[in-house]
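Data block below; observations after.
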Amino acid sequence: MADTILVTLIIFSCIFGVIFIFLTTRNKERLALIENGADAKLFNSGKKYGFGQFILNLALLAIGVGVGVLVGALFNNFGIEEGIAFTSCIFIFGGIGLMSSFFMNRKLDKEEK
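Each residue of the sequence shown is one higher than the last, beginning at 1 in the UniProt record's numbering.
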């Protein structure tokens with residue numbers, strides 16, 4: 001029980017640390033550019049990523065993982081080892097879901113322009 005709590009704490013600490021370092025470094029870089037006279041429009045030049053696109057990515061990833069679990073269960077019934085069947089199918093179908101979301105987002109971006 002204590003090992004599980006320790007591992008969970010380490011994982012969340014690592015995630016927090018990476019996000020914290022990313023945000024503080026980005027802030028310091030922006031402040032340095034502003035001090036040197038850079039225009040503020042420089043920070044808004046990137047593509048805006050909408051909430052709808054995030055939900056689409058998340059939904060297609062979840063669908064892909066769900067299909068991967070189902071296909072992994074089918075492969076397990078055909079005699080493939082359980083760990084191999086589930087893990088490989090989850091990654092394969094999750095990747096297919098993310099790839100399809102990439103193409104759908106690209107198509108939506110073209111329609112907006």
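No residue lacks a Cβ here, since even glycine has one placed at the ideal position from N, Cα and C.
Query                                                                                                                                                                    : Result
Can you tell me whether residue 114 is buried or exposed? The criterion is at least 16 other CB atoms within 10 Å of its CB, across all chains shown.                    : Because the chain in this structure spans residues 1 to 113, residue 114 falls outside the shown range and cannot be described.
Specify, as a first and last residue, the run of the alpha helix (DSSP H) that Phe-102 falls within.                                                                     : 82-112
Identify whether Asp-3 lies in helix, strand or coil by the three-state DSSP scheme.                                                                                     : helix
Rounding to the nearest angstrom, what Cα-Cα distance links Thr-4 and Phe-93 in this structure?                                                                          : 28 Å
Please classify Leu-60 as buried or exposed, where buried requires at least 16 other C-beta atoms within 10 Å of its C-beta.                                             : buried
Helix, strand or coil for Gly-79? Go by DSSP, reduced to three states.                                                                                                   : coil
Could you pull out every residue in the same chain whose Cβ sits closer than 7 Å to the Cβ of Val-67, ignoring the five residues on either side in sequence?             : Phe-93
Could you check if Ala-73 is buried or exposed, using at least 16 other CB atoms within 10 Å of its CB as the buried criterion?                                          : exposed
Evaluate Gly-52 with the Cβ neighbour count: other Cβ atoms within 10 Å of its Cβ, from every protein chain shown; 16 or more gives buried, anything less gives exposed. : exposed
Ala-62: buried (16+ other C-beta within 10 angstroms of its C-beta) or exposed?                                                                                          : exposed
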